[in-house]
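Asks:
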Amino acid sequence: MLDLFQGEAAREHLPPISHEELSDEQVIEEMWRIKEELKDKVLVLGHHYQQDDIIQFADLKGDSLKLAQDASSIEKPYIVFCGVHFMAETADILTADDKTVILPDLAAGCSMADMADREEIDSAWDYLTSCTQEKIVPVTYINCAATLKDFVGQHDGSICTSSNAEKVIRWALDQGEKLLFFPDQHLGRNTCYKMGIGLDEMVTYNPNLPNGGLTPEKIQKAKVILWYGYCSVHQGFTAAQVRAIKEKDPETHVIVHPECSFDVVKAADEDGSTAYIINRVNELPAGSKIAIGTEINLVNRLAAAHPDKTITSLSPYQCLCTTMYRVRPRWLLASFRAIKEDKPINVIKVDKKVAAGSKKALDTMLSLS
Ligand code: 13P
Ligand code: SF4
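Residue numbers (the numbering used here): 127 to 495.
#1: For residue 190, which residues of its own chain have a beta-carbon under 6 Å away from its beta-carbon, when the five flanking residues on both sides are left out?
#2: DSSP three-state call for residue 238: helix, strand or coil?
#3: Cβ atoms of residue 350 and residue 314: under 8 Å apart, would you say?
#4: Determine, using beta carbons only, whether residue 353 and residue 222 come nearer to each other than 8 Å.
#5: For residue 489 and residue 195, what's the separation of their Cα atoms in angstroms?
#6: Are there three or more Cβ pairs, one per stretch, closer than 8 Å when the region 416 to 423 is compared with the region 383 to 394?
#7: Judging by CA-CA distance, which residue of 456, 303, 376, 285 is the nearest neighbour of residue 208?
#8: Quick check on residue 276: buried or exposed, where buried means 16 or more other Cβ atoms within 10 Å of its Cβ?
#9: In chain order, which continuous runs of the beta strand (DSSP E) of length 3 or greater are located wholly inside the region 168 to 239?
#10: Mind listing, in chain order, the continuous beta strand (DSSP E) runs of no fewer than 3 residues lying wholly within the region 379 to 456?
#11: Do residue 219 and residue 171 have their beta-carbon atoms positioned less than 8 Å apart in this structure?
#12: What are the start and end residues of the alpha helix (DSSP H) that includes residue 491?
#13: Residue range of the beta strand (DSSP E) that residue 328 falls in?
#14: Going residue by residue through the region 245 to 287, where are the continuous beta strand (DSSP E) segments of at least 3 residues, counting only ones entirely within it?
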C-alpha cells in the first residue's frame, strides 16, 4: 500500500473504518450492498484516473468535461464525487441547492490547482492590465479553486478543460487581443501552438517573481500570457522517454495528454485529453503498440480492456496521481454509511458569492463545448 501521509498528517488520516472492523473484502461487499440500498438517493461520479477498486462503483465515468456536463443534469439528492476537490466544487456549482455533493476524502486535492490562488491572480491582473491598453481575456483550466472560476466569470472570461481548450481559447481571442491562461502553462502553450500561435508570442508569468518576471514591454508584445503552473503527474513524462521508446521500436505509437510539457507533446505522435486518448486507443487496430503519457490507473485499465493491443505507460516510473488515489474504498464506504444515516460527511459547498461568477464562467464553457 502506498503511503501518502507521514507523521502527524498520517495519524490524522487514519482510515475512517478500521481493518479490525472490516477486511478489505468486507469493505467492498458492504459497499455493493449499501449502494444498492441507496440507489434512489445517490449517484456516484468517477474520473478515469480513479483506482479500479473505486471506479467499479461509478454510475457515470468520465474526464473533467464529461463529469461537469453530467453533474449539470443530475436528479438524485446526493452526488458522491470520486475525483478531486475542484471537480466536486464544480459539481456543486452546477447543481441545484437541494443537491449534496460529497468528496469521500477531503484531502483529495490537485497540486496544479494549488499553484494559483485568488490573491495572486488579482495582483497579476492588476499588473498586466496596467501594462497594456489591449483587452486581456482570462481563461482558467477547470483544475483550479472556485475562487479562480469566479474571477474569470467576473472578468467575462471562461473556463476550459483539456477536451475543449482550443474552442474556448479561440472564443477568448475573438473577445479581445490577449489571453491570460492559468494555472497550467503546458495545456495553454500546447493548445495555442496547435492553433498557430508562435512560442515567441507567448510569455510565462511566474507568481514567485516580482511582476511575474515580465516587463511591460514583454507583456505588450505577447498575445498569450501563461501562468507558471503544471501537473506534477504529467510533467513526469519526458521527451527522452519518447525517444527511447521510438528507438527501441519505431512502430510504437505514442499518445500523450496536453498537460505534458511542450517538448514531450512535440516528440509524441499525437496528444489529446483523457477522453481523446481513450477514443484513440479504441480506434487503433488490433496488434497496435501504444505508449501512453497519462495517469497510470487509466493506462493499466486501457491495457486490460484491449488485450489485442500492447499498451504501456510512456514512463518507467508509472506516473500516479497520488491525490486522486486518496479516494479509497474505506473512505467511500464511510461516505455511503453517513448518507444512509442522513448525516452526510465530507460535503463540498461553494460559498454562494463565489458560486455566482463561477457558474457564469462554467456556463460559458458548456455553451462552447
Ligand atoms: P481531463 O480529465 O480534462 O483529461 O484532465 C486530466 C486531469 O488531469 C484531471 O485532473
Ligand atoms: Fe491535478 Fe494532475 Fe492529478 Fe489531474 S492528474 S488531479 S491535474 S495533479
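We treat Cβ as the ideally placed atom computed from N, Cα and C, and that holds for glycine.
Replies: From the atom records:
#1: 268, 287
#2: In the structure shown, residue 238 sits in coil (DSSP, three-state: anything other than H, G, I, E or B).
#3: Contact: yes.
#4: no
#5: Cα to Cα, the separation comes out at about 10 Å.
#6: yes
#7: 456
#8: buried
#9: 168 to 173, 186 to 188, 204 to 208, 226 to 228
#10: 379 to 382, 415 to 419, 436 to 439
#11: no
#12: 478 to 494
#13: First-last of the beta strand (DSSP E) with residue 328: 328 to 331.
#14: The qualifying runs are 262 to 267, 284 to 286.
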